[in-house]
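See below for the structure under consideration.
2 protein chains.
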Amino acid sequence: MKIIIDILGSDLGPAEIVEGVCDAFEKSSASFVLVGPKNIAQEIVNGRNIDKSRIEYIDTDEVISNKDDPARSIRRKKEASIVKGLNLLNEEGYDGIISAGSTGAMLAGGLFITKRIGNIDRAGLAAMVPTPKGTTILMDTGAVMDSKPEMLEQFAVMASVYAKRVLDKPEPKLVLLNVGVEDGKGDMRSKETFKLLKENVNLNFIGNMEARDFLSGQADIIITDGFAGNVMLKATEGAVKTMFSEVKKGIMSSFLTKLGGLMLKPALKGVAAKYDYKEVGAAVLLGVKKPLFKAHGSSDRRAIRSAIYTAEKFIKNDVIKNIEEIYND
Amino acid sequence: MKIIIDILGSDLGPAEIVEGVCDAFEKSSASFVLVGPKNIAQEIVNGRNIDKSRIEYIDTDEVISNKDDPARSIRRKKEASIVKGLNLLNEEGYDGIISAGSTGAMLAGGLFITKRIGNIDRAGLAAMVPTPKGTTILMDTGAVMDSKPEMLEQFAVMASVYAKRVLDKPEPKLVLLNVGVEDGKGDMRSKETFKLLKENVNLNFIGNMEARDFLSGQADIIITDGFAGNVMLKATEGAVKTMFSEVKKGIMSSFLTKLGGLMLKPALKGVAAKYDYKEVGAAVLLGVKKPLFKAHGSSDRRAIRSAIYTAEKFIKNDVIKNIEEIYND
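Respectively, the protein sequence lines represent chains Y and U. The opening residue of the first sequence carries number 116 in my numbering; numbering runs sequentially from there. The opening residue of the second sequence carries number 116 in my numbering; numbering runs sequentially from there.
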């Protein structure tokens, strides 16, 4: 198995990504192609006690940043790491790609270079969200704007395959994000999607779920339009951040609270780590012909390692082949 | 000034609402009409050292609950407290209503009994959200599904009047909720709304805002479609709740952390209170001909008192007259 790693475009720089790849040797048996500045990557790899024959390099300094227009850059910046990586992925013998760079570039690259699976209308971005009960898949988180109910049904099918094959959930509980739990709630898109999900006998559709239960872990898969999914994910991220900053302010307010904070530090750190998006690993673009993983822009080495393990399981368990079989019927 | 209080339909029962009204006598100079079980209300009022001549009663036991179909119930349950209250509000000499009962009933009642202001296409629900920098208005939070860009522009105008007249912000900073901060982001609705807000010279439109900055307080007003607004508000509520429950679990995990938790208790309680929706007071339905305030279903007496103070300021400062003047031009 050969996984391509785009080492450019992340917030913490290429070295952090390469360290994560080296760390993954602990449990991974894959080979890796590192796309980005070869001198930086090679220096780190050479300093580590790992099997160097499992690492190749594609040297480039060009990057597509969050400020670039994604579709335009994917077409013009031929030397950009993500473009080189995706083109390589189209060749024989490469199994997947992981990037912590621009999400827009990954989405545009998925569309223009990797291309969609035949009968899939749009590819959607499925995020893995930590909850007190385990991982919940949220799809779509912003790849598709103005999605149609039929697209959301396809997302539901693809996310179910993912949950079965990668998260080991044989009958993943699937819900539709809505403004109320009752049947018939929501906007026109929600109402029509509800019907489609209910009629699809291959889905374990439970019903509507409100955003306040997002982190409850009561659903294995939450299906939603990309706009609302993006809003829910970012609102949660923002609220968690605000809460920790407020608790910190409270801790710093007096001698007694500082002492209390010191005693609580390990416990608070544990909670912070659990809900830290850097620890989540990667989101996956479902609906394209190859495994495309998007790690959070601020992914640290642990996040990259975790993304690699997820990608390996995804590749080994033939998620895409399984989706293609459903949509070639 | 006479404010109608629907004392039925809230989670904590009528007594809590009546206590809140009595507490409001501390700073309020309004009179009140309590609609609901008169015996319960009168017993509480008689036990308090307040000017009883400022309280009237409308006796009824009927309530519209969250399980009832709102539009149907508003038309058929003539004895329901919210129906009696809204009908009374249409008469001369009544200035506003506050209810902690069913949101759906309040919305349907606003539409069928109070009715919309002439040139307003839809009435929207504006929530007051606590942030580290003060109150941010979020509108719409779920009154309107499938809103059109023109409706969102009207929400922006009405929320700006509210911010000026009730929150004392002469030039309220207004943003559009979106999936990215750059111009041209989002779904079709967002793109068109962006243009309308930008062209409207009477608005202090700053640009797009992502959901992760919801609680930052950098905006005075956040405009959004009711579906996304509802999702953002409830996701935040859920995340805050999950964080506190996780911190609590951390505190309970050992003797040392329990001790630390004890020392931090006042600080944590302060944060919890600040972001507790019970403390927020009330949301207001903007676009109807009279002041309609919706308090959170789990409002305690403090929340009711705070809602009364807000309603008084809203009435005294002629918010609705001001909106009508704009839309009669």
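The beta carbon of each residue, even a glycine, is placed where N, CA and C say it ideally should be. Being a predicted model, the structure only gives us computed values, none of them experimental.
Item	Value
Could you tell me whether any Cβ in chain U is nearer than 8 Å to the Cβ of Ile189/Y?	no
Would you say Lys349/Y faces chain U, with C-beta separation under 8 Å as the test?	yes
Out of Phe329/U, Asn202/U, Pro287/U and Met266/U, point me to the one whose CA is closest to Phe309/U's CA.	Met266/U
From what residue to what residue does the alpha helix (DSSP H) around Thr250/Y run?	Premise fails: Thr250/Y lies in the beta strand (DSSP E), Gly249 to Met254, not in any alpha helix (DSSP H).
Report the rounded CA-to-CA distance for Ser368/Y versus Ala382/U, giving the unit in angstroms.	8 Å
Taking contact to mean 3 or more Cβ pairs, one atom from each stretch, closer than 8 Å, check whether the region 251-269 of chain U and the region 327-342 of chain U are in contact.	yes
Please report the straight-line C-alpha distance between Asn315/U and Arg237/U, rounded to a whole angstrom.	19 Å
Could you tell me the distance, in whole angstroms, from the CA atom of Asn205/Y to the CA atom of Asp415/Y?	27 Å
Could you please tell me which residues of the region 269-286 of chain Y, in chain order, have their CB closer than 7 Å to any CB of chain A?	The structure shown contains no chain A; its protein chains are Y and U.
Could you tell me whether the Cβ atoms of Phe147/Y and Ile118/Y are closer together than 8 Å?	yes
Ala349/Y lies in the alpha helix (DSSP H); which residues open and close that run?	It is Lys, not Ala, that sits at residue 349/Y in the sequence shown. Its alpha helix (DSSP H) spans residues Gly341 to Ile366.
Have a look at the DSSP bridge pairing and note the partners of Arg231/Y.	Val403/Y
Residues in its own chain within less than 6 Å of Asp138/U by CB, not counting five upstream and five downstream?	Arg416 and Arg420
Spatial neighbours of Asn345/U within its chain, please: C-beta separation below 7 Å, excluding the five flanking residues on both sides.	Thr256 and Gly257
For Tyr390/U, which option in Glu361/Y, Ala388/Y, His411/Y and Ala410/Y has the closest C-alpha, if you only look at C-alpha atoms?	Glu361/Y
Return the residues of the region 167-191 of chain Y that lie within a Cβ-Cβ distance of less than 7 Å from chain U, sorted by chain order.	none
At a CB-CB cut-off below 8 Å, which residues of chain Y make contact with Phe342/U?	Val294, Gly301, Asp302, Ser305 and Ala343
For Gly219/U, which residues from the same chain have a beta carbon less than 6 Å from its beta carbon, with the 5 sequence-adjacent residues on both sides left out?	Pro185
Name the DSSP bridge partner or partners of Met324/U?	Leu292/U
With DSSP as the reference, please indicate the residues paired to Ala241/Y in a beta bridge.	Met254/Y and Val399/Y
For the alpha helix (DSSP H) containing Ile189/Y, name the first residue and the last one.	Pro185 to Arg191
Quickly, what does DSSP pair Gly151/U with across the bridge? List them, please.	Asp174/U
Which residue's Cα is closest to the Cα of Thr229/U: Ile441/U, Leu407/U and Met347/U?	Leu407/U
Taking Asn317/U as the reference, which of Phe270/U, Glu307/U, Leu292/U and Thr357/U has the closest Cα?	Phe270/U
Under 7 Å Cβ-Cβ, which residues of chain Y neighbour Asp298/U?	Neighbours of Asp298/U on chain Y: none; closest Cβ ~12 Å, over 7 Å.
Tell me the residue span of the beta strand (DSSP E) that contains Ile132/Y.	Careful: Ile132/Y lies outside any beta strand (DSSP E), inside the alpha helix (DSSP H) at Pro129 to Ala139.
Looking at the ligand SAM, does it come within less than 7 Å of Ala130/Y, judged from the CB to the closest heavy atom?	The model depicted lacks the ligand SAM and carries no ligand whatsoever.
Between the region 117-132 of chain U and the region 160-173 of chain Y, can you find at least three pairs of beta-carbon atoms closer than 8 Å?	no
Ser275/Y and Leu289/Y look like a contact to me (Cβ under 8 Å); what is the Cβ gap, rounded to whole Å?	6 Å
Are Ile260/U and Asn293/U touching if we call contact CB-CB under 8 Å?	At residue 260/U the sequence reads Met, which differs from the Ile that was named. Result no, Cβ atoms of Met260/U and Asn293/U do not sit closer than 8 Å.
How would you list, in chain order, the residues of chain Y whose beta-carbon sits under 8 Å from the beta-carbon of Ser368/U?	Ala382
Could you spell out where the alpha helix (DSSP H) holding Ile423/Y opens and where it closes?	Arg416 to Lys431
Taking Cβ to Cβ, would you say Ser143/U is nearer than 8 Å to Ile423/U?	yes
Per DSSP, Ala215/U forms a beta bridge with which residues?	Paired residues: none, contrary to the question.
When you compare only the Cα positions, how much space is there between Ala350/Y and Leu330/Y?	12 Å
Out of curiosity, what's the CA-to-CA distance linking Glu194/Y and Lys356/U?	47 Å
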